[in-house]
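Contents: one structure, followed by commentary.
Protein chains: 2
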Amino acid sequence: MINFTFQNPTKIIFGKGTEKQVGKEVSQYANKVLLHYGGGSIKKTGLYDRVVTSLKEAGIEIVELSGVKPNPRLSLVYEGIRICRENNIGFILAVGGGSVIDSAKAIAMGVVYDGDVWDFFTEKAVPQKALPIGTILTIPAAGSEASTGCVITKEEGGYKRAVNSELIYPRFSILNPEMAFTLPKYQVACGAADILAHLMERYFTNVPNVELTDRLIEATMKTIINNIPIVLEQPDNYDAWAEIMWAGTVAHNNLLNTGRIGDWASHDIEHELSGIYDIAHGAGLAIIFPAWMKYVYKHDINRFAQYASRVWNVDLSLWSLERAALKGIEALENFFRSIGLVTRLKDAGIEDDRFEEMAQKCTGSDQYTVGNFVKLKSADIVNIYNLAK
Amino acid sequence: MINFTFQNPTKIIFGKGTEKQVGKEVSQYANKVLLHYGGGSIKKTGLYDRVVTSLKEAGIEIVELSGVKPNPRLSLVYEGIRICRENNIGFILAVGGGSVIDSAKAIAMGVVYDGDVWDFFTEKAVPQKALPIGTILTIPAAGSEASTGCVITKEEGGYKRAVNSELIYPRFSILNPEMAFTLPKYQVACGAADILAHLMERYFTNVPNVELTDRLIEATMKTIINNIPIVLEQPDNYDAWAEIMWAGTVAHNNLLNTGRIGDWASHDIEHELSGIYDIAHGAGLAIIFPAWMKYVYKHDINRFAQYASRVWNVDLSLWSLERAALKGIEALENFFRSIGLVTRLKDAGIEDDRFEEMAQKCTGSDQYTVGNFVKLKSADIVNIYNLAK
C-alpha cells in the first residue's frame, strides 16, 4: 500500500423522496441558481416540477440551461459560463446523469477563471477555484456525483478530455433510486459497463499488498453484476436500483483507490472512440476493456486469476492460473453481451480505418504512454483496437 | 435499504512519515494547541519529539495534557476543559488510540459548553458546537479517528456512556502504520476484537436488501482476520499493519452502515463490564459478542449462515443452515482464542455476582431495551452474561 490522502466532503442524501430536500440544501450556498439539465426526461417524470417547487419554496431564484447531451460539449459549457456571469449565479444545480454533472463542473470552474476553461483540459492551467455545485442524480453510471472528475468533449477535432480537481466535488448529491426506473434498457447497460470499468481501472494495479481495497472493489463489482440483470427485467425494482445507485457512487468516490494506483488506459482509449464516433462511453468501454485485458493479462496472471475467482466465481486450479485468468475475461465479455451490449467494434458499426489516428491522439506522441498497469504506446493501442475489431 | 445521509469530512493522511505533516495541518485551524496523549509510549517511540518539532516549526504554541488511560475518565476531561479555557486553546491534537481521541472529543465539546459536559452523555443536552480536533493514531481499534463517537467513563458509579455527534469528526487524522509496531500483543488482539465488533454490530441488521454494505463489511472483516495473525508473528510487518489500520478506520467511519440499522447491544452490554471491572473494551467484546450471538442467532438464521459462509468459509448446506450459523459463531470464538483473548468471563476473572446489577444499569429500567437486531430487556442481558460465564 502506498501513502495517500483521502477526503471526500460530498454529502450524500439517499433514498425515496429525497429530491424534495434540494431547496433547503441549495439555500445554504446561494439564492440564485443555474438549473442545468439535459432533455425533457426530467419533465416527463415529474422530477423537474418537484425540483422547481422545492427551490422556489426555499426562496431561490432559478436560471435554466438545458440541452446537455451525452459526451457533454464545450460549446454548452461556454454558454453556461456566460449565463452564470450575466446573472451573477452563486450555485449550479445539475439534475441528470454524468454528462449533466460534468457540464456543470466545467461551468463551475470556468465562471471564476479569466482564461478559456479548455485550458484546464489541456493542462495549460490548473483550476484555483470553482463555484459550488450540487447534483440530483438520475443515472447511476459516471460516479461524477461524488468525484473529482469532469470529462468534456471539444466538438472541433473531437477531443474528449478530463480534469480532476478537489474543487469540483459536489457539495451535496441527492440519490433517489426511483429516478432510474424510467431509464431505457440500453442506457442501464451502458451505466453498468461504466461502473464496472471504474472498478476494474482501480483493480488492475501494480501496487502490492492492497488486500482491503481489492476486497472492497470485488464486493462492489459483485453487487453490480448481481443487480443489473434484476433491473433489466424489473425496471421498478427499488431495492436492486438502490444497490446499483449506491455502488455506482462508491465505485468512483476515491475510497477504492486509496493506497493504490489505478490503470485508466481503457478510459483513455475509449475517449478517442466516443470523441470521434459519439458512441456512449459505457458502450465503448464494454468493447475496449475486454480487449485491453486480453492484451495485458500476462503482465500479472495472479491478479487476473484472483479477479476471475473472486468476482466471477471461476474455479482456481493452481496449476492453470492462466486458464482461470482467461475465463475471467470471458465471463466479463459474456456478462456485457447478456445485458445487451456489444463487445466488438464492428458490431457497433466502427470500421478499422482510423485506429492509427485515434491511437496517436490518445498518447499525443510516440514518446508518451497511457495506463499504469502496463504503459502503452500508440502501437500498443492500435493492437488493442485490433483485438476489439 | 433505508434512506440515509452520509458525509464524512475527516481528511485521512495515511502512510510512512505522515506525522511530520501535523504542524502544517494544525496551522490551518489555530496557533495554540492542546497536545493530548496517554502515558510515555509516544516518548519512547520518538513520536512525541517528531510531533513537537513539526508543531513548533509551524509556529504553533503547545500546551500539554497527558495521562489518558484506557476507558478514559471524566475527571481528566474536566481538567482538559479547564486548561483549554485558561489558555485560550483553539485546537486539540490527540496523539494515541481511541481513549486519547475520545478524551479529546469530550474536551472539545465541553470547552464551548456552559453546563457540565457529562450532560451530553446522559442525554440531558445535545452538543451545539465543539473545538476542532485532529488526531495522530497509534492503535488501530476504536475507529474514533474518523467517527462521530465518543465514549467516556464517569469514575463515580462506574458509568461508561457514549455520545455521537457530527461536530466531533476530526478535521484530520494521521495514520502511520509504523506507529503500531511497538504495541503489546494483547493490545493488538483487543484492537482486533474491537474492529471486528464494529463490523459485526453493523452486519447484524433487520433491514432487508443491503447487499452492497453486507459485502463491504465482509471484505473488511476478512482483511482483519487475515492480517492480525501476521502482525502477531511479525510486529514490524508494515504491509499487514497498513491493511489493519485502514480497515479499522473504514469499519467505523459510517460508510458501512449506510442504508441499514446496526445492532450495538454487545457494545452496550460490554460497557457495563468495562465500566465496573475496567477490562479493555476489546477484551470484553471478545467475551460478550459470541454469547450475544448464541442468544439471538435464531432470530435470522439466514443472516448468521451468510456470515459463516462468506466470512469464515463455512460450507453451506441448504438443508442445515442452523449448523452453518453455529459453525460461524464457533469460528469467531476460535479466532479470538487463537489471537490470545479469552471468551469467557471466568477466564477474565469476572464472577457471576453482579450480572443483575449490570443488566439493570445497561437498560436503565425493566421497560427499556438495548439493541436493534433483537430488542433485549435486562432479563435477556442476564441470560447473555450467563452464556458468557
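Chains as they are written, first to last, in this note's numbering: chain A, 7 to 395; chain B, 7 to 395. A virtual CB, placed ideally from N, CA and C, is assigned to each residue, including glycine.
Sequence-distant residues of the same chain with beta carbon closer than 7 Å to Y283(B), five excluded per side = I356
task = Would you list the one or two residues that DSSP bridges to S179(A)?
result = I18(A) and T141(A)
Nearest-angstrom Cα separation, counted from H42(A) out to K367(B) = 55 Å
request  = Report the rounded CA-to-CA distance for Y313(A) versus E161(A), giving the unit in angstroms.
outcome  = 37 Å
ask   = Sorted by chain position, which residues of the same chain lie with C-beta nearer than 7 Å to G29(B)'s C-beta, five sequence neighbours on each side aside?
value = S60, L61, E63, A64 and I66
message = Going by the DSSP bridge assignment, what does I68(A) pair with across the sheet?
response = V39(A)
task = Using a Cβ-Cβ cut-off of less than 9 Å, list which residues of the stretch 212-228 of chain B approach chain A; keep chain order.
result = P214, N215, V216, E217, L218, T219, D220, R221, L222, I223, E224, A225, T226 and K228
request  = Assign D353(B) to buried or exposed, taking buried as 16 or more other Cβ atoms, counted over all protein chains shown, within 10 Å of its Cβ.
outcome  = exposed
task = Would you list the residues sitting across from T159(B) in a DSSP beta bridge?
result = R79(B) and K166(B)
request  = Could you tell me the distance, in whole angstroms, from the CA atom of E239(B) to the CA atom of P190(B)?
outcome  = 12 Å
ask   = For I95(B), does the three-state DSSP call read helix, strand or coil?
value = coil
task = Consider the Cβ of N94(A): report whether some Cβ of chain B lies at a distance smaller than 8 Å.
result = no
message = Which residues in chain B have a C-beta closer than 7 Å to the C-beta of A253(A)? List them in chain order.
response = L218
Beta-carbon proximity list for N215(B), same chain, < 6 Å, skipping 5 on both sides = M7
request  = Look at M251(A) and A186(A) and say whether their C-beta atoms are less than 8 Å apart.
outcome  = yes
ask   = In three-state DSSP terms, what is T226(A)?
value = helix
ask   = Taking Cβ-Cβ distances shorter than 7 Å, what residues in chain B pair up with W9(A)?
value = Sequence check: residue 9(A) is Asn here, not Trp. Going along chain B in sequence order, the residues near N9(A) (Cβ under 7 Å) are F20, G21, K22 and T24.
inquiry  = Quick check: is the beta carbon of Q412(B) nearer than 8 Å to any beta carbon in chain A?
reply    = Residue 412(B) falls outside the range modelled here, since chain B spans only 7 to 395, and no answer is possible.
task = Determine the chain B residues that contact A248(A) at a beta-carbon separation under 8 Å, and present them in chain order.
result = M7, N215 and G265
ask   = Do the stretch 261-268 of chain B and the stretch 9-20 of chain B make contact, defined as three or more Cβ pairs closer than 8 Å?
value = yes
task = Within 10 angstroms of the Cβ of H273(A), are there 16 or more other Cβ atoms? Answer buried if so, exposed if not.
result = buried
Coil, strand or helix - V216(A) by DSSP = coil
request  = Just the C-alpha distance for G290(B) and E129(A), rounded to the nearest angstrom, thanks.
outcome  = 55 Å
inquiry  = Measuring only the C-alpha atoms, how far is G96(A) from E172(B)?
reply    = 27 Å
Candidates K50(B), N392(B) and N308(B): closest to Y209(B) by CA position = N308(B)
query = Thinking C-alpha only, which one of V117(A), L143(A) and I48(A) is nearest P133(A)?
reply = V117(A)
key: the stretch 93-110 of chain A / the stretch 119-128 of chain A touching (three or more Cβ pairs under 8 Å)   = no
key: With 16 other Cβ atoms within 10 Å as the buried cut-off, status of H305(B)   = exposed
inquiry  = Please tell me whether F12(B) has its Cβ less than 8 Å away from any Cβ of chain A.
reply    = yes
query = Using 8 Å as the threshold, is the stretch 382-394 of chain A in touch with the stretch 296-303 of chain A, meaning 3 or more CB pairs across them?
reply = yes
inquiry  = Can you confirm whether P146(B), when its beta carbon is compared against all beta carbons of chain A, has any partner nearer than 8 Å?
reply    = no
inquiry  = Starting from P296(A), trace the alpha helix (DSSP H) in both directions and tell me its first and last residue.
reply    = H287 to V302
query = Using a C-beta cutoff of 8 Å, does N232(A) count as contacting chain B?
reply = yes
key: Local Cβ density within 10 Å of N319(B), reported as buried at 16 or more and exposed below that   = exposed
message = Taking only three categories from DSSP, how would you classify Q193(B)?
response = helix
request  = Indicate whether at least one CB of chain B lies closer than 8 Å to the CB of K367(A).
outcome  = no
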